[in-house]
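S.K.: This structure is in structure tokens; I'll ask about it shortly.
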Amino acid sequence: MNMTTKSPASGKVDTSNLKHTPILIALLLGAMVALLNETLLGNALTVLMKEFDVTASTIQWLSTAYMLVVGVLVPITALLQQWLTTRQMFLIAMVTFLVGTLIAGFAPTFSVLLIGRIVQAVATGLITPLLMNTILIICPPEKRGATMGLIALVMMAAPAIGPTLSGVIVDSLNWRWLFYIVIPIVIISIMIGMKYIQNVSELTRPKVDYPSILLSTLGFGGLVYSFSASGDLGWSDAKVYGTLIVGLISLCIFAVRQLKIENPILELRAFKVPMFTLSVGLIVIVMMSLFSTMTLLPMFLQTVLLVTAFKSGIIMLPGSVISAIMGPIAGKLFDKFSPKVIIVPGIVLVGIAMFLFKGITPDTSMVQIIVMHSVLMVGLMFVMTAQTYGLNQLTPDLYPHGTALFSTLQQVAGAIGTAIFISKMSSGTTKYMESSANPLDPVEKLNGLTSGFQGAFALGLIFIIVAFIVSLFLKEEKEGVKAARVLQNEH
46 MNMTTKSPAS GKVDTSNLKH TPILIALLLG AMVALLNETL LGNALTVLMK EFDVTASTIQ
106 WLSTAYMLVV GVLVPITALL QQWLTTRQMF LIAMVTFLVG TLIAGFAPTF SVLLIGRIVQ
166 AVATGLITPL LMNTILIICP PEKRGATMGL IALVMMAAPA IGPTLSGVIV DSLNWRWLFY
226 IVIPIVIISI MIGMKYIQNV SELTRPKVDY PSILLSTLGF GGLVYSFSAS GDLGWSDAKV
286 YGTLIVGLIS LCIFAVRQLK IENPILELRA FKVPMFTLSV GLIVIVMMSL FSTMTLLPMF
346 LQTVLLVTAF KSGIIMLPGS VISAIMGPIA GKLFDKFSPK VIIVPGIVLV GIAMFLFKGI
406 TPDTSMVQII VMHSVLMVGL MFVMTAQTYG LNQLTPDLYP HGTALFSTLQ QVAGAIGTAI
466 FISKMSSGTT KYMESSANPL DPVEKLNGLT SGFQGAFALG LIFIIVAFIV SLFLKEEKEG
526 VKAARVLQNE H
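Here you go:
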């Protein structure tokens with residue numbers, strides 16, 4: 046068995062004897078099933094409403110609760126990785142996911158199904174930051190791009206394939222198979238992990254600041270919940286604006302506290318590294334547009350073009366497959382060229398796709414939509430290398446904090462982006478219908494919906510233009526040099 050050792054001179058863990066490939070396979074399989082489950086219930090919600098005799102707002106908690114738990118848990122993963130070994134954290138995450146999957150798969154009531162989803166979400170919140178942090182430690186900087194490309198593949202392709210797979214399973218089998226089908230993959234991941242995964246980072250076991258954990262939970266939880274619930278309840282609902290206010294206040298207090306205490310659960314001083322901050326901002330902007338497109342496009346296909354949920358999943362499948370192919374390629378190119386050479390063209394491709402989506406109409410063919418979506422996904426694969434670029438700027442002791450910050454802000458960006466773009470789509474439709482001479486005309490209703498979607502995609506294009514401007518400020522910076530200098534000045 047390969048064991049990790051700690052160098053007495055440096056205090057760092059020696060990972061030179063580890064077998065990297067099986068470790069990556071175990072972690073990637075775990076992340077794949079976790080992220081797949083974020084969207085796997087997409088086409089099964091209607092079936093589940095009938096099965097358990099619950100309302101649409103109730104069934105939506107299967108998705109809202111999942112996002113909420115992940116959003117709350119991810120920020121504290123940096124702390125957990127300083128207390129638990131890589132092996133312990135991996136096994137806890139995957140066994141937890143297996144338990145949650147079994148609970149959900151055999152759930153006799155909606156309440157039990159919801160509990161199963163929440164347990165699954167706990168595992169999802171742990172596994173993704175662990176995967177990224179492990180890669181940063183065991184892979185040298187010159188090879189990280191290719192490996193992080195595999196992560197981008199999993200992060201983008203798994204959620205995108207979810208609705209299609211969901212449609213196939215629900216139509217041909219039973220909704221419970223949505224959970225049964227991932228069990229063998231989880232077990233294989235656990236078996237590989239038990240044999241090969243060893244600790245890759247030093248355990249410092251810092252003092253736990255419980256007020257920070259509470260503030261983080263209230264802050265990120267309030268933010269994710271308020272934006273997620275705003276679509277159904279509206280911003281005038283006290284639960285929505287109340288949780289938003291509590292969340293924002295908690296985050297402000299949390300940020301101030303992290304900068305003052307000796308052992309913060311999230312090292313926010315990482316944001317003093319300019320290129321890390323720039324890459325985080327870039328990813329957040331792009332991810333807001335991505336999540337909105339993943340929501341808006343299926344809605345357009347089903348409400349304007351009147352295709353089934355299953356067919357809409359099939360239409361989006363080629364783009365997902367292409368992104369799966371391009372992820373590793375983009376990563377390898379990142380290892381060879383400067384960030385701008387990869388990231389800027391990626392943003393341009395995303396911008397072209399959003400510009401084309403801005404002109405989408407009921408007459409747009411399925412082939413055109415497939416091409417536009419494919420261009421979007423290819424561009425996103427290149428843009429996602431900005432995450433590797435940003436993390437490369439940090440010193441190893443900041444890796445857990447950097448990965449936690451990226452993962453947390455992506456969850457928040459998803460919730461905010463979806464809420465903003467759905468709101469824009471709805472307001473655009475309403476504005477069109479109010480000015481219509483015959484709002485009851487079916488053709489006018491269709492035109493109103495189309496106008497709403499076009500406005501939302503136009504807003505997405507504006508976001509991408511901002512991302513393009515931000516990307517122009519990217520520059521080469523030797524790994525860790527700036528981070529070390531900034532943190533040294535802090536102490």
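Just so you know, we're using the numbering used here here: the sequence shown kicks off at 46 and counts up by one. Heads up, the beta-carbon is just placed ideally off N, CA and C, and yes, glycines get one too. The model shown is predicted, which means the values in this text are computed figures rather than measured ones.
Out of A482, K403, Q432, L439, state which residue places its alpha-carbon closest to the alpha-carbon of K469.
M.R.: K403
S.K.: From G462 to M332, what does the alpha carbon distance come to, in whole angstroms?
M.R.: 8 angstroms
S.K.: Does the distance from the C-beta atom of A375 to that of I387 stay below 8 angstroms?
M.R.: yes
S.K.: By Cβ distance, which residues of its chain are closer than 8 angstroms to G326, with the 5 residues on each side in sequence left out?
M.R.: V515
S.K.: What's the gap between the Cα of P363 and the Cα of M320?
M.R.: Whole-angstrom Cα-Cα distance: 33 angstroms.
S.K.: Using 8 angstroms for Cβ pairs, my map puts F491 next to P407. What's the rounded Cβ distance?
M.R.: Looking at the sequence itself, residue 491 is Leu, so the reference to Phe does not match. That belief holds up - the Cβ atoms of L491 and P407 are roughly 6 angstroms apart, short of 8 angstroms.
S.K.: Indicate the three-state DSSP secondary structure (helix, strand or coil) for I306 in the structure shown.
M.R.: Three-state DSSP puts I306 in coil, outside helix and strand.
S.K.: Using C-beta distances below 6 angstroms, list every residue in its chain close to G358, excluding the 5 sequence neighbours before and after it, in chain order.
M.R.: P208, T209, G212
S.K.: Ordered along the chain, which non-local residues of its own chain (more than five positions away) have a Cβ less than 6 angstroms from that of E540?
M.R.: In the structure as shown, the chain starts at 46 and stops at 536, and residue 540 therefore has no counterpart that could be examined.
S.K.: Quick check on the burial criterion: 16 or more other C-beta atoms within 10 angstroms. Buried or exposed for L421?
M.R.: Around the C-beta of L421, 16 or more other C-beta atoms lie within 10 Å, and the residue is accordingly described as buried.
S.K.: Got a sec, what are the start and stop residues for the alpha helix (DSSP H) A123 sits in?
M.R.: Segment 122 to 128, the alpha helix (DSSP H) holding A123.
S.K.: Do M361 and H418 come within 8 angstroms of each other at the CB atom, strictly closer than that value?
M.R.: yes
S.K.: Assign Y255 to buried or exposed, taking buried as 16 or more other Cβ atoms, counted over all protein chains shown, within 10 Å of its Cβ.
M.R.: exposed
S.K.: Quick check on DSSP: helix, strand or coil for I242?
M.R.: coil
S.K.: Rounded to the nearest angstrom, what separates T288 and L107 at their Cα positions?
M.R.: Going by C-alpha positions, T288 is about 19 angstroms away from L107.
S.K.: Helix, strand or coil: how does DSSP classify P208 here?
M.R.: helix
S.K.: Here's the rule: buried if 16 or more other CB atoms are within 10 angstroms of the residue's CB, otherwise exposed. What is G500?
M.R.: buried
S.K.: Hey, A431 and S324 are a contact pair by Cβ (cut 8 angstroms); roughly how many whole angstroms apart?
M.R.: 5 angstroms
S.K.: Grab the span of the alpha helix (DSSP H) containing A166 for me, first residue to last.
M.R.: 155 to 183
S.K.: Grab me the residues of L260's own chain with a C-beta within less than 7 angstroms of its C-beta, minus the 5 sequence neighbours each way, in chain order.
M.R.: S295, I298, F299, R302
S.K.: Given a threshold of 16 other Cβ atoms within 10 Å of its Cβ, counted over all protein chains shown, does R250 qualify as buried or as exposed?
M.R.: exposed
S.K.: What would DSSP say about I367, mapped onto helix, strand or coil?
M.R.: helix
S.K.: Rounded to a whole number of angstroms, what is the C-alpha to C-alpha distance between S156 and L175?
M.R.: 30 angstroms
S.K.: Under the rule that 16 or more other beta-carbon atoms within 10 Å means buried, what is L517, buried or exposed?
M.R.: exposed
S.K.: Please list, in chain order, all residues of the same chain as I541 whose beta carbon is under 6 angstroms from its beta carbon, the five residues on each side excluded.
M.R.: Given that the chain is displayed from residue 46 to residue 536, the structure contains no residue 541 and the question cannot be resolved.
S.K.: Select from I397, A315, E247 the residue whose C-alpha is nearest the C-alpha of F513.
M.R.: I397
S.K.: If we ignore side chains and look at the alpha-carbon of each, how far apart do I290 and I310 end up?
M.R.: 22 angstroms
S.K.: What's the call for T91, buried or exposed, on a 16-neighbour Cβ count within 10 Å?
M.R.: exposed
S.K.: Taking one C-beta from the region 343 to 354 and one from the region 164 to 171 each time, how about it: are there three or more such pairs within less than 8 angstroms?
M.R.: No contact exists between the region 343 to 354 and the region 164 to 171.
S.K.: Between Y434 and K385, what straight-line distance do the alpha-carbon atoms span, to the nearest angstrom?
M.R.: 10 angstroms
S.K.: According to DSSP, simplified to helix, strand and coil, what is T49?
M.R.: Residue placement at T49 is poorly supported in this model, since its pLDDT is 48, which falls under 50; the coordinates are not used for a value here.
S.K.: Could you check whether L394 and V412 sit closer than 8 angstroms to each other, using their CB atoms as the reference points?
M.R.: no
S.K.: Between the alpha carbons of L278 and K377, how many angstroms are there, rounded?
M.R.: 45 angstroms
S.K.: Leaving out the 5 sequence neighbours to the left and right, which residues in its chain are closer than 6 angstroms to L519 when beta-carbon positions are compared?
M.R.: P384, K385
S.K.: Once DSSP output is grouped into helix, strand and coil, what is the label at N219?
M.R.: coil
S.K.: If you count every other CB in all the chains shown that lies within 10 Å of the CB of F427, and 16 or more means buried, which is it?
M.R.: buried
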